[in-house]
Amino acid sequence: MTAARFPVPAAPSRAARLSPVAAARLLRLELRRNPMPWLVPLLALLFWFDPFRTMQGYPPIWDLRASVVPNKLLPDFVAFAGGVSAWVGSREHRRRIIDLVTTAARPGWARQCAALVATTCWVILAYLGFSAVLYAVIAHQASWGGPPWWPVAVGAAALAAVCAAGFAAGTFFPGRFTAPLTAFGAFLVSVVTFQNAVRSTGGATLLSPSAVVPNLDAGVFYHYLPDLPIAQVMFLAGIAVVALGVLGLSPAAEGGLWLRRAAAAVAAAGLVAAGTAAGLAHTARLGPHGVVIPALHDAATDQPIPYTPVCRRSTVVVCLHPAFRAFLGDETAALDPVLGEVAGLPGAPVRAEQISTRPGLSGISKMQLVYGNVGGVPLAGSGPAAFPCPRRNCLANPVIQQVSALPPGTSAPNTVITEHAVRQLGLRAMISGWLIQTAQPLTAAQISNAKLTAAAAGMNVETRSSVPTSAEIINWATVFGIVLALAILAMSVGLIRSETASDLSTLAATGASGTTRRNLTATTAGALAFTGAVLGTVGGYVATTGWFRSKPFNGGLGTLVSSVPTVNLLIILVGMPLVAAAGGWLFAGREPSGIAHQPIE
Amino acid sequence: MNVEITDLTRRFGRNQAVAGVSLRAGPGVFGLLGPNGAGKTSLLRMMATVIQPSSGELRLLGRDPGAYGQRKQIRRRLGYLPQNLGYYPAFTVVEFVEYFALLKEMPPAQVPGAVAAAVEKVGLGDRARAKLRTLSGGMLRRVGIAQAIVNEPELLLLDEPTAGLDPEQRVAFRSLMRDLGQRATVVVSTHLVEDVGAACAQVALMNQGKIVFHGTPQELTARADGTAAAGDAPLERGYSAVLAQARS
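So the sequence lines, in the order shown, correspond to chains Z and X. Numbered per this note's numbering, the first sequence spans residues 7 to 607. Numbered per this note's numbering, the second sequence spans residues 1020 to 1267.
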């Protein structure tokens, strides 16, 4: 050891203490040693398995495909963001470094903020990276339009809130199991809020990130309304700021009066932001093109987006919005058999064009037929306007098309008839409902919007999904659940093992063989996996019970008893612990590197 | 006086760890001896502003650590090595010392030089980029010493600093302590009486929360004269004699 001297001012100035250079250096250290980057490969695997594959299955339309960001990508991130943040938040207690950091002059809030900001930066960076990949693929395949940025912004705000809440949980309840429990809790909250977004239309539900899913027409015929996303970002950012402020008010923040006041102000600002957002959400109403919040609404966004349709001439001219260019062939082929029956006759349709839907149901666009000698009449859902065809020029024997391919739902019609045919046959037309058929399952927001509209008119909405089958859902859900559970388990076991490295070192020092270490780690991993599997299964059944209770037409609660997925349950309850134990056994063989780490007392 | 303690007590539930300690220490190396559970670590933790006293008066560097503003000023000039050094395994030696330099509110421009100097002082220059998880126990102890001295403290509190160090490093560390004691108050809590004999100008011996001896190492050695106290070295015999007298 050699001696050296260098001048250190006894009391640096306030400017020096609050120097952005010092803050940047502290942040750089935290960024370099944050555990989040180690989880990126795992997230990449999940990304490929869930959001990317789902997105590829959707038509190449910007808003539709972008819906996987809040619906798939965000829930995948939430568990990891919460877990890692809690892990970082609890590290001072876990590493028994509290005494050392307490004697530092800089308030604890500063180092907590640095660690939290570093974790949040990594989480959001990874999230934005995966979002960029999704958007790049969409940009390559979409024929019209541009990326909707609000879903990405809402997701980033949601992750910031999860990170702050997870970090606070780790700080206030430090322990080895805080991180996995927080990860599980965060995942559960994201699932519950998504379910609520589907079932309910209340103001609080609108603040869920899942409710930001854009309608199909948004960004196509009409502008994507930013009203709700603005309120959501405000709410989620408010939650994050409140958590930050609460950290500053805790004894661990080691702050003086000035700092406590600042923390209280920060927490109050967060509360005001979150409260304001909640208030705004309660004033939300369903407008013609989406959820409108009067205080945030810009009337300019109500104007339709100009476009030049793409057309193809077949039996008639079929024109679609350029965003649906890929469907032009299919649409023409679908219309040909129907319109071919009347082609060339006076008053027969000469043109079919896609238009946006009526106000209140902006999620679904439809086809409108334009007739030969007079204006256009919608094929479905039209009012009691006079039929424009002169009697002598109309069909004597109108053809009624039976479309067997329509869905066999309880209220689903399977007959298509023109208004002329209704008159000719002496029928009376009245609107009793609308059938909305989509190529892909409806999004939470679309269903919410439909329910809102129906409720306002005193009607009911039935939703039925024919694809994929429940068996497929169960199988894929099982696989996805296992992958996610194993991912969280791997994170937990890895983190716990790093914590218990000193214990394993002691074992090695006392002569325990590699087999002993393997057996211990395998048993720990297996036990953790089994506990998680049991908890997950119970939680899954509780959620499923609730779902079946609210969907009596899907078989009711009896379905739970009559169709127990025995194989899947066995895979989860037996297979997953076995895989975890095997993984633990394989990876625990290496000699611990720090046998002599602890000082000899 | 950098350390002024008057009738200081600290209770943990029913257990009184420190029972009415009075002490004064100026620049120089001050040794704190005592058996296990004597209250050395509790006294050091109070001096490090980690815990507050239950009663009594404590002034450090002429300031009251009970007041927030003054406590901050004390902490800027304080170095502390706890008995059980916690650390972040993924940090490198330099990063760990830099982390604490920044937490001690050192001016950012001085941090790189101070960190390099501290790491060199403890003889870890060749392992500066090594991650803490790869270091031995003795090396980790030296990292702990480096973080404690990185801000050139005026009050340096070391709890078992030489535990785990090899003989060569212990000799070097004693030299470092003597050097630091030229301008700062260095309080060393230890079981190793030879460290005290080699480096300390003043020594206090604690037993059951109280100071039972305060003087120079030579005076402690002299307390063994005429007694049959156990020990391999004169200082050890003095230590044993004082303890035996205190317990009788």
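From the three backbone atoms N, C-alpha and C, an ideal C-beta is built for every residue, glycine too. Fair warning: this is a prediction, and the values are worked out from it, not measured in the lab.
Tell me which residues share the same chain as residue i and place their Cβ nearer than 6 angstroms to its Cβ, disregarding the 5 neighbours each side in the sequence.
i                  : result
Lys78 of chain Z   : Asp56, Pro57 and Thr60
Met1196 of chain X : Val1048, Val1205 and Ala1218
Arg1242 of chain X : Gly1257, Ala1260 and Val1261
Gly95 of chain Z   : Phe173, Gly176 and Thr177
Glu1124 of chain X : Arg1095
Gln1035 of chain X : Gly1228
Gly1142 of chain X : none
Gln593 of chain Z  : Strictly speaking, residue 593 of chain Z in this sequence is Phe, with Gln absent from that position. Here the set comprises nothing.
Determine the direct distance from the alpha carbon of residue j to that of residue i, and round the result to whole angstroms.
i                  : j                  : result
Arg291 of chain Z  : Val297 of chain Z  : 6 angstroms
Ala586 of chain Z  : Ile578 of chain Z  : 11 angstroms
Ala386 of chain Z  : Leu351 of chain Z  : With a pLDDT of 37 at Ala386 of chain Z, under the threshold of 50, the modelled position of this residue cannot be trusted; read the value that follows with caution. Cα to Cα, the separation comes out at about 21 angstroms.
Thr1240 of chain X : Leu1077 of chain X : 29 angstroms
Gln1221 of chain X : Gly1085 of chain X : 27 angstroms
Gly1234 of chain X : Ala1223 of chain X : 7 angstroms
Tyr141 of chain Z  : Ala189 of chain Z  : 27 angstroms
Ile1164 of chain X : Leu1211 of chain X : 17 angstroms
Ile1230 of chain X : Val1040 of chain X : 6 angstroms
Leu541 of chain Z  : Gly135 of chain Z  : 32 angstroms
Gln1129 of chain X : Arg1202 of chain X : 20 angstroms
Ala305 of chain Z  : Gly151 of chain Z  : 21 angstroms
Ala163 of chain Z  : His146 of chain Z  : 27 angstroms
Pro310 of chain Z  : Ala287 of chain Z  : 24 angstroms
Pro384 of chain Z  : Gly285 of chain Z  : Confidence in Pro384 of chain Z is poor, its pLDDT being 40 and thus under 50, which makes the residue's placement too unreliable to answer from.
Ala271 of chain Z  : Ala535 of chain Z  : 43 angstroms
Thr1060 of chain X : Leu1254 of chain X : 22 angstroms
Ala170 of chain Z  : Arg1030 of chain X : 36 angstroms
Tyr1107 of chain X : Gly191 of chain Z  : 27 angstroms
Thr211 of chain Z  : Phe83 of chain Z   : 20 angstroms
Gly1075 of chain X : Leu213 of chain Z  : 54 angstroms
Pro343 of chain Z  : Tyr313 of chain Z  : 28 angstroms
Leu1151 of chain X : Arg1090 of chain X : 30 angstroms
Asn1103 of chain X : Glu1238 of chain X : 31 angstroms
Met582 of chain Z  : Thr184 of chain Z  : 22 angstroms
If I'm right that residue i touches residue j with Cβ under 8 angstroms, what's the distance once you round it to whole angstroms?
i                  : j                  : result
Ala246 of chain Z  : Ala283 of chain Z  : Contact flag wrong, Cβ pair sits at about 12 angstroms.
Val1169 of chain X : Ala1147 of chain X : About 13 angstroms separates the two Cβ atoms, so there is no contact after all.
Phe173 of chain Z  : Ser91 of chain Z   : 4 angstroms
Glu1179 of chain X : Ser1208 of chain X : 6 angstroms
Leu1042 of chain X : Ile1024 of chain X : 4 angstroms
His303 of chain Z  : Asp223 of chain Z  : 17 angstroms between Cβ atoms; not a contact.
Ala332 of chain Z  : Pro65 of chain Z   : 7 angstroms
Gly1058 of chain X : Val1037 of chain X : 5 angstroms
Using a Cβ-Cβ cut-off of 8 angstroms (strictly less than) and excluding sequence neighbours within five positions of residue i, which residues of its own chain qualify?
i                  : result
Leu265 of chain Z  : Pro113, Trp115, Gly254 and Ala259
Arg1033 of chain X : none
Ala279 of chain Z  : Met240, Phe241, Ala243, Gly244 and Val247
Val160 of chain Z  : Pro76, Pro215, Val218, Pro235, Gln238, Val239 and Leu242
Have a look at the DSSP bridge pairing and note the partners of residue i.
i                  : result
Gly1228 of chain X : Per DSSP, none; premise fails for Gly1228 of chain X.
His980 of chain X  : Any answer about residue 980 of chain X is impossible in this case: the structure gives chain X only from 1020 up to 1267.
Gln1035 of chain X : X:Arg1030
Glu1023 of chain X : X:Arg1043 and X:Arg1078
Leu1176 of chain X : X:Tyr1099 and X:Val1206
Pro310 of chain Z  : Z:Tyr228
Arg291 of chain Z  : Z:Val298
Phe173 of chain Z  : Answer is none; Phe173 of chain Z lacks a bridge partner.
Gly1050 of chain X : X:Val1207 and X:Val1222
Cys325 of chain Z  : Z:Cys317 and Z:Glu359
Lys1150 of chain X : X:Thr1111
In chain order, what residues of the same chain lie with their CB nearer than 7 angstroms to the CB of residue i, ignoring the 5 residues before and after it?
i                  : result
Ala269 of chain Z  : Trp115, Gly251, Gly254, Leu255, Ala259 and Gly261
Glu98 of chain Z   : Ile104 and Val107
Phe1119 of chain X : Gln1166 and Val1169
Gly1045 of chain X : Met1020, Asn1021 and Thr1204
Pro154 of chain Z  : Trp68, Asp69, Ala72, Pro220, Gly225 and Tyr230
Gly1183 of chain X : Gly1156, Gly1157 and Arg1160
Pro1172 of chain X : Arg1096, Leu1097, Gly1098 and Ala1203
Leu1199 of chain X : Ile1168, Leu1175 and Val1205
Thr126 of chain Z  : Ala166 and Cys169
task = At 4 residues or longer, and completely inside the stretch 1065-1117 of chain X: list those alpha helix (DSSP H) runs for me, N to C.
result = Qualifying alpha helix (DSSP H) stretches, in chain order: 1087-1095.
task = Let me know the alpha helix (DSSP H) ranges lying completely inside the stretch 520-555 of chain Z, each 4 residues or longer, listed in chain order.
result = none
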